[in-house]
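Residue numbers (my numbering): 53 to 285.
As structure tokens, this is what we get:
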């Protein structure tokens, strides 16, 4: 019998328990632990628009302050801020070069465009949201076109397209755990945001000039690792 153990590692572990009566080790309750075959040959990937350092730092400072007023289980590390274009999931390492080549073609056909940070919003139940995020503005039609180009380019490589509509956003926190039902006013009218709103307004616009292929490292901080940068031409 095989049992899969979840351990703080990039690799799953398989525990094999020999149940045969004539096996002396089984009688002593011994177990054999091995790496799950092939688990290290895959990467958990997604494609995203990166966020400039100045904005990441400002949002990180804002989030640390908001965390003292609004209770969420996990606040995004400032190095992990991004705007997802497509989640790809577990991908064989041998397939990554072809994926990068397809994404580079998308980048080469894309011109830089402008984005801005806008209002706060949530996903999930209004009283107990699972995600707190910042919306985007300015040239959203170009961002949507980029997202469509990415999913079109990866489709022949076996990557599926989500059924739900694309809602571009930047995740700040996950899993509300407050003692009272969540209200948008907790963030919008917080003293922290009032103090920092002017600074955020001064740096909230930026030019998008590329996309990134990221790998997820579940137990690492920060959690996302840059696999490949692709600059627009």
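The beta-carbon is built from N, C-alpha and C at its ideal position, and this holds for glycine as well.
Where do the N-terminal and C-terminal ends of the beta strand (DSSP E) with residue i fall, by residue?
{"i": "residue 138", "result": "134-144"}
{"i": "residue 193", "result": "Segment 192-206 is the alpha helix (DSSP H) holding residue 193; no beta strand (DSSP E) there."}
{"i": "residue 267", "result": "262-268"}
{"i": "residue 100", "result": "94-102"}
Assuming residue i contacts residue j (C-beta within less than 8 Å), just tell me the rounded distance between them.
{"i": "residue 222", "j": "residue 186", "result": "5 Å"}
{"i": "residue 220", "j": "residue 132", "result": "About 16 Å; that fails the 8 Å criterion."}
{"i": "residue 99", "j": "residue 177", "result": "Their Cβ separation, rounded to whole angstroms, is 29 Å, which puts residue 99 and residue 177 out of contact at 8 Å."}
{"i": "residue 202", "j": "residue 239", "result": "With 8 Å as the limit, residue 202 and residue 239 do not qualify as a contact, their Cβ atoms being about 30 Å apart."}
{"i": "residue 284", "j": "residue 163", "result": "6 Å"}
{"i": "residue 115", "j": "residue 224", "result": "6 Å"}
{"i": "residue 255", "j": "residue 106", "result": "5 Å"}
{"i": "residue 257", "j": "residue 190", "result": "7 Å"}
By the three-class DSSP mapping on this structure, what secondary structure does residue i have?
{"i": "residue 129", "result": "coil"}
{"i": "residue 225", "result": "strand"}
{"i": "residue 212", "result": "coil"}
{"i": "residue 237", "result": "helix"}
{"i": "residue 244", "result": "helix"}
{"i": "residue 173", "result": "strand"}
{"i": "residue 274", "result": "coil"}
Are the CB atoms of residue j and residue i within a distance shorter than 8 Å?
{"i": "residue 108", "j": "residue 268", "result": "no"}
{"i": "residue 152", "j": "residue 280", "result": "yes"}
{"i": "residue 50", "j": "residue 265", "result": "The structure shown does not extend to residue 50, since the chain is modelled only from 53 through 285, so no value can be given for it."}
{"i": "residue 94", "j": "residue 144", "result": "yes"}
{"i": "residue 181", "j": "residue 134", "result": "no"}
{"i": "residue 140", "j": "residue 206", "result": "yes"}
{"i": "residue 150", "j": "residue 233", "result": "no"}
Would you mind reading off the limits of the alpha helix (DSSP H) that contains residue i?
{"i": "residue 112", "result": "105-118"}
{"i": "residue 155", "result": "148-160"}
Cβ of residue i versus every heavy atom of the ligand MG: is any distance shorter than 7 Å?
{"i": "residue 181", "result": "You won't find the ligand MG in this model; it holds no ligand whatsoever."}
Looking at the C-beta of residue i, does it have a partner C-beta in chain B at a distance below 8 Å?
{"i": "residue 245", "result": "Absent from the structure is chain B; it holds one protein chain and no more."}
**Prompt:** Okay, do the region 222-242 and the region 156-168 touch, 3+ Cβ pairs below 8 Å being the bar?
**Reply:** no
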